[in-house]
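Just so you know, my numbering puts the end of the sequence shown at 571, numbered straight through with nothing missing.
Beta carbons: idealized from backbone N, C-alpha and C, even for Gly.
Fair warning: this is a prediction, and the values are worked out from it, not measured in the lab.
Here's the structure we're looking at; comments come further down.
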Amino acid sequence: MKKSARIFSGEILFRHFLILQSKIPDMSHSTPCVKRDGFTSSFGVLAATLGSAVGLGNIWKFPYMTGANGGAGFLLVYLLATLLIALPVMMAEIAIGREAKANPITALQRLAPRGFPWWVIGACGMVAAFLIMSFYSEVVAWVFAYILKAVEGSILSNDPQVTGSAFNQLIQDPLQSLLWQWLVLIFIGGILLLGVAKGIEAVTKKLMPLLFLLLLILCAVSLSLDKASEGIRFLFQPDFSKIDASVVLMAMGLAFFKLSIGMGTMMTYGSYFRDQQNIPTTTLRVMTADLFVSMLAGIAIFPAVFTFGFEPAAGPSLVFITIPAVFAQIPMGHLLMVLFFVLTAVAATGAMLSLLEVPVAIIHERFGISRRKATLISLLVLAMAGSTCALTNSSMANVKLFGLTMFDLFDYLSSNILLPLGGILICLFVGWSWGAQRLQQALSNRGQLHNQRMIHVLFFLLRYISPLLILIVMLKGLGLF
Ligand code: PFF
Numbered sequence: 091m092k093k094s095a096r097i098f099s100g101e102i103l104f105r106h107f108l109i110l111q112s113k114i115p116d117m118s119h120s121t122p123c124v125k126r127d128g129f130t131s132s133f134g135v136l137a138a139t140l141g142s143a144v145g146l147g148n149i150w151k152f153p154y155m156t157g158a159n160g161g162a163g164f165l166l167v168y169l170l171a172t173l174l175i176a177l178p179v180m181m182a183e184i185a186i187g188r189e190a191k192a193n194p195i196t197a198l199q200r201l202a203p204r205g206f207p208w209w210v211i212g213a214c215g216m217v218a219a220f221l222i223m224s225f226y227s228e229v230v231a232w233v234f235a236y237i238l239k240a241v242e243g244s245i246l247s248n249d250p251q252v253t254g255s256a257f258n259q260l261i262q263d264p265l266q267s268l269l270w271q272w273l274v275l276i277f278i279g280g281i282l283l284l285g286v287a288k289g290i291e292a293v294t295k296k297l298m299p300l301l302f303l304l305l306l307i308l309c310a311v312s313l314s315l316d317k318a319s320e321g322i323r324f325l326f327q328p329d330f331s332k333i334d335a336s337v338v339l340m341a342m343g344l345a346f347f348k349l350s351i352g353m354g355t356m357m358t359y360g361s362y363f364r365d366q367q368n369i370p371t372t373t374l375r376v377m378t379a380d381l382f383v384s385m386l387a388g389i390a391i392f393p394a395v396f397t398f399g400f401e402p403a404a405g406p407s408l409v410f411i412t413i414p415a416v417f418a419q420i421p422m423g424h425l426l427m428v429l430f431f432v433l434t435a436v437a438a439t440g441a442m443l444s445l446l447e448v449p450v451a452i453i454h455e456r457f458g459i460s461r462r463k464a465t466l467i468s469l470l471v472l473a474m475a476g477s478t479c480a481l482t483n484s485s486m487a488n489v490k491l492f493g494l495t496m497f498d499l500f501d502y503l504s505s506n507i508l509l510p511l512g513g514i515l516i517c518l519f520v521g522w523s524w525g526a527q528r529l530q531q532a533l534s535n536r537g538q539l540h541n542q543r544m545i546h547v548l549f550f551l552l553r554y555i556s557p558l559l560i561l562i563v564m565l566k567g568l569g570l571f
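Written as structure tokens, this is what we have:
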């Protein structure tokens, strides 16, 4: 039987089951003479990891949340949430990946004591990755469609009613929604087919500087507008009265989503990290640069929004309705709008690459099939799952489970259940199973780095503080208190 035909056969599934049960060694990924693909330079590691963190979240979520929830006060809470929860989990995930040099399922199997099914974290991660990609790719599809619309100038109207109906027309057209989504999937899949170094690393190394350049251009224009100061005030003016328990919990959830943790993404990328890479420093840089991108996005958006008298908003209505109406009134608005949607597409590309790499790495290594086939299988599954989200505003608008459309259901399941669950399990694995000594070894590059004290604090957080805080966020997200 040909190998490709065996993928779904009982034989291979049974073998996979045995591997998971640790009855037989997982040899599928070991091709002895072939070096495992990975990042080749320090800048490449940074670009790829930052590429994963930076995404739609920086443009349509973070700036609005900051502005609406207390400006600088919210930033402070977000920083605390990041330092206490997100950063420790991110470091732990990357350390696990690099130690095992394997996809999340195999990695946890290799590092866990025999008989303990910690690999479930990797399996949940893969499910979460598919769920997130299903709806994320649809929003990215709208962004790609808007690049074309921006070039044509068809959405250049200062009337939000007009830009609003153009947006509705797009999302309510089943064929367009599907085609744009598939185009995005082919684009991302095409990059992944080139491999880790020649695909992910090479592309993000070019995209990240471009992202900063475009952002700076848009910031300069926005700051030169009449009521720029109003926008800046909305974004940064500290208002501690707005900070309550739900804002704190929101900041924690955001920190998780922003740094792409809890679902094996960072573990997968960690497995491509170079041995000499300083993991704590890299994660700190990624976190800072990601925050900087969010702030720049806010500076690019809100001064313009306030100058033309629009209400600040979040989500699709900000990006696809308000922003085109704003650009219609700015000198050189046509060109700037094209730049804005290219910038958003650039941000989303790095995030999508990291999401799709999770199942690709798992399928490639665990089933011992080529990366090419693994990518095609992942794309196929994603095209099927994703189409339910693409059609959520048209043919499948009435298809609901638990009262939610597929789009909202996938968002809910991943953000409120799988990501926090993954985060808690990673903390528990490192804090209570893997142990302080191994974490110390991994994060100090076998004693070469003098960061012992920091790792002590980190371990304490991972063992006691972070899992508890994540549990609170999770229960709150589920509406249990
Ligand atoms: N960090 C991305 C953003 O802010 O848009 C979203 C994301 C990417 C979440 C990758 C999870 C992930 F694995």
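Subject >> Residue closest to residue 478, alpha-carbon to alpha-carbon, out of 265, 567 and 461 >> reply: 265
Original post:
Among all the DSSP beta bridges, which residues are the ones paired with residue 89?
Top reply: Since the first and last residues shown for the chain are 91 and 571, residue 89 lies out of range.
**OP:** Identify which residue in 294, 199 and 512 has its Cα closest to the Cα of residue 281.
**Re:** 294
**OP:** Kindly examine the ligand PFF and report whether one of its heavy atoms sits closer than 7 Å to the Cβ of residue 516.
**Re:** no
Original post:
Any chance the CB of residue 350 is under 7 Å from a heavy atom of the ligand PFF?
Top reply: yes
**OP:** Determine the DSSP secondary structure at residue 401, reduced to helix, strand or coil.
**Re:** coil
**OP:** Just the C-alpha distance for residue 123 and residue 455, rounded to the nearest angstrom, thanks.
**Re:** Legend: pLDDT at residue 123 = 49, less than 50; position of this residue unreliable, value from coordinates given subsequently. Computed Cα separation, rounded: 15 Å.
**OP:** Could you have a look at residue 191 and say whether DSSP puts it in helix, strand or coil?
**Re:** coil
Original post:
With distances taken between CB atoms, is the gap from residue 134 to residue 291 smaller than 8 Å?
Top reply: yes
**OP:** Could you give the DSSP three-state label for residue 208: helix, strand or coil?
**Re:** coil
Original post:
Helix or strand or just coil, what does DSSP make of residue 249?
Top reply: coil
**OP:** For residue 241, I'd like the list of residues in its chain whose CB is within less than 6 Å of its CB, leaving aside the five on either flank, ordered along the chain.
**Re:** Taking residue 241 as the centre and dropping the five residues before and after it, the same chain places the C-beta of 428 closer than 6 Å to its C-beta, in chain order.
**OP:** Could you work out which residue in 494, 181 and 143 is closest to residue 436 when comparing CA atoms only?
**Re:** 143
**OP:** Keeping to the same chain, check which residues put their C-beta closer than 7 Å to that of residue 431; ignore five residues upstream and five downstream.
**Re:** 233, 236, 237 and 240
**OP:** From the DSSP output, in three-state form, read off residue 116 for me.
**Re:** In this predicted model, residue 116 has a pLDDT of only 47, less than 50, meaning its place in the structure is not dependable enough to derive any value.
Subject >> Pairwise C-alpha distance: residue 550 and residue 543 >> reply: Going from the Cα of residue 543 to the Cα of residue 550 covers about 11 Å.
Original post:
Would you call residue 276 buried or exposed, if buried means 16 or more other Cβ atoms sit within 10 Å of its Cβ?
Top reply: Classification of residue 276: exposed, given that the 10 Å Cβ count is below 16.
Original post:
Is residue 482 helix, strand or coil by DSSP?
Top reply: coil
Original post:
Is it a yes or a no for the segment 331 to 339 touching the segment 494 to 505, going by three-plus beta-carbon pairs under 8 Å?
Top reply: no
Original post:
In the structure shown, what three-state DSSP assignment does residue 561 receive?
Top reply: In the structure shown, residue 561 adopts helical secondary structure according to DSSP, grouped into three states.
Subject >> Helix, strand or coil at residue 237 [DSSP, three-state] >> reply: helix
Original post:
For residue 372, which residues of its own chain have a beta-carbon under 7 Å away from its beta-carbon, when the five flanking residues on both sides are left out?
Top reply: Closer than 7 Å at the Cβ level, and outside the excluded window around residue 372, lie 135, 136 and 139.
**OP:** Following the continuous alpha helix (DSSP H) through residue 418, name the residue where it begins and the one where it ends.
**Re:** Counting along the chain, residue 418 falls outside any alpha helix (DSSP H), and DSSP gives it neither H nor E.
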